Amino acid sequence: HDPLARDIAVQYYHAAETTIYDYIARRHPQSAQCVTDFMSTVMSGLSAKAREGHSIEQLCATAALAGEAIKTLLKE
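Per my numbering, the sequence shown runs over residues 777 to 852.
In structure tokens form, the structure reads like this:
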């Protein structure tokens with residue numbers, strides 16, 4: 777395992793979380809942290825499942841389901 781590669785990956789991961797949070801906070805400030813946490817978890821899970829060999833169809837179906845969950849969260 778390459779510590780430098782891991783550090784770079786963590787930096788990108790945190791930058792992605794910040795971008796997601798900022799985008800949601802402009803529109804739904806009360807839900808920004810919850811939705812960001814959810815999206816971060818979903819993205820990590822999708823990445824893990826892709827490495828395990830899930831098909832693009834399976835990954836897209838999961839992403840679509842997550843999108844529906846976010847729509848529901850942001851309607852409240």
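Ideal Cβ positions, reconstructed from N, Cα and C, are used throughout, including at glycine.
Everything numeric in this text was worked out from a predicted model, so none of it was measured.
DSSP places P779 inside the alpha helix (DSSP H), whose first and last residues are P779 to R803. Apart from the 5 residues on each side of it in sequence, A842 sits with its Cβ closer than 7 Å to the Cβ of V818 in its chain, given in chain order. A Cβ-Cβ distance of about 11 Å is found for the pair A837 and L822, leaving them out of contact under the 8 Å criterion. Going by DSSP, G843 is part of the alpha helix (DSSP H) stretching over I832 to K851. Between S816 and E833, the C-beta spacing is not below 7 Å.
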